[in-house]
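Per my numbering, residue 375 is the first one in the sequence shown, and the count goes up by one each step. Ideal Cβ placement from N, Cα and C applies to all residues, glycine included. Everything numeric in this text was worked out from a predicted model, so none of it was measured.
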Amino acid sequence: MSQMFDEEIVCKTEKDTQNLAINFAKFLPHNASIALVGDLGTGKTTFVHGLARGLGIPDIIRSPSFNILNIYPSNVSLLHIDAYRLDGSERATDALMLDDFLIPPYILVVEWPERLYNFLEKCNFKVVFSTGDDFSRTICIRQTHQLFH
Ligand SMILES: Nc1ncnc2c1ncn2[C@@H]1O[C@H](COP(=O)(O)OP(=O)(O)OP(=O)(O)O)[C@@H](O)[C@H]1O
Ligand SMILES: [Mg+2]
Numbered sequence: 375m376s377q378m379f380d381e382e383i384v385c386k387t388e389k390d391t392q393n394l395a396i397n398f399a400k401f402l403p404h405n406a407s408i409a410l411v412g413d414l415g416t417g418k419t420t421f422v423h424g425l426a427r428g429l430g431i432p433d434i435i436r437s438p439s440f441n442i443l444n445i446y447p448s449n450v451s452l453l454h455i456d457a458y459r460l461d462g463s464e465r466a467t468d469a470l471m472l473d474d475f476l477i478p479p480y481i482l483v484v485e486w487p488e489r490l491y492n493f494l495e496k497c498n499f500k501v502v503f504s505t506g507d508d509f510s511r512t513i514c515i516r517q518t519h520q521l522f523h
């Protein structure tokens with residue numbers, strides 16, 4: 375599994391991106407928080423769909439983009455935040471009342487994490503997406519802060 379980290383992994387298709395996320399999901403400790411960093415259309419939501427599958431959550435319908443927070447209950451629930459329309463302020467982040475929804479065991483995954491107050495400073499994993507030539511995407515997974523139990 376260690377080859378999954380700190381490597382530039384080329385995903386040529388959407389399926390490759392999902393498969394990487396499925397494998398990553400199986401490795402994740404309970405209550406892990408994950409930042410997905412990358413420009414528009416680089417595959418962040420595609421990766422979230424793979425995480426859901428890896429957690430045994432049936433195929434999720436492409437989540438409506440007007441929802442900032444989506445919750446998929448399961449043995450280990452998936453909380454998905456798309457912070458694109460937040461402004462990074464503490465006030466906007468507090469208004470989500472995220473703490474009320476973080477009921478263990480869960481996995482928290484955030485698109486546009488720089489727009490969620492104080493998230494990048496604390497998250498356990500940072501996944502960076504970039505576009506290659508044609509349709510390929512390059513994905514790099516880093517462990518940022520260890521989770522202690
Ligand atoms: N290798 C690939 N991995 C992921 N998506 C790919 C790949 N190649 C092409 N695509 C396409 O790129 C698009 C990625 O969309 P996706 O919604 O996952 O991006 P996003 O990073 O969440 O965008 P946004 O910032 O708007 O939320 C999809 O249309 C998908 O089919
Ligand atoms: Mg997205």
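Integer Cβ distance of residue i from residue j, believed to fall under 8 Å
| i | j | result |
| --- | --- | --- |
| Leu410 | Pro487 | 7 Å |
| Ser504 | Gly412 | 6 Å |
Nonlocal neighbours in the same chain, by C-beta distance under 8 Å from residue i, ignoring five residues either side
| i | result |
| --- | --- |
| Ser448 | Leu429, Gly430, Ile431 |
| Tyr480 | His404, Asn405, Val450, Ser451, Leu452, Leu453 |
| Asn441 | Asp456 |
| Trp519 | The displayed chain sequence assigns His, not Trp, to residue 519. Correct list, in chain order: Lys496, Cys497, Asn498. |
Alpha-carbon spacing of residue i relative to residue j, whole angstroms
| i | j | result |
| --- | --- | --- |
| Ile513 | Gly424 | 14 Å |
| Asp372 | Glu464 | This structure cannot settle anything about residue 372, because the visible part of the chain is limited to 375 through 523. |
| Ala466 | Leu472 | 11 Å |
Extent of the continuous beta strand (DSSP E) run through residue i
| i | result |
| --- | --- |
| Val352 | No statement about residue 352 is possible, as the shown extent of the chain runs from 375 to 523 and does not include it. |
| Thr416 | Run containing Thr416: none; DSSP gives neither H nor E here. |
Neighbourhood of residue i by C-beta distance below 6 Å, restricted to the same chain and skipping five residues each side
| i | result |
| --- | --- |
| Arg489 | Ala457, Leu460, Gly462 |
| Leu482 | Ser407, Leu453 |
For residue i, the first and last residue of its enclosing alpha helix (DSSP H)
| i | result |
| --- | --- |
| Arg459 | Premise fails: Arg459 is in no alpha helix (DSSP H) and is neither H nor E. |
| Leu470 | Careful: Leu470 lies outside any alpha helix (DSSP H) and carries neither H nor E. |
Per DSSP, cross-strand counterpart(s) of residue i
| i | result |
| --- | --- |
| Leu482 | Ser407, Leu453 |
| Tyr446 | Leu452 |
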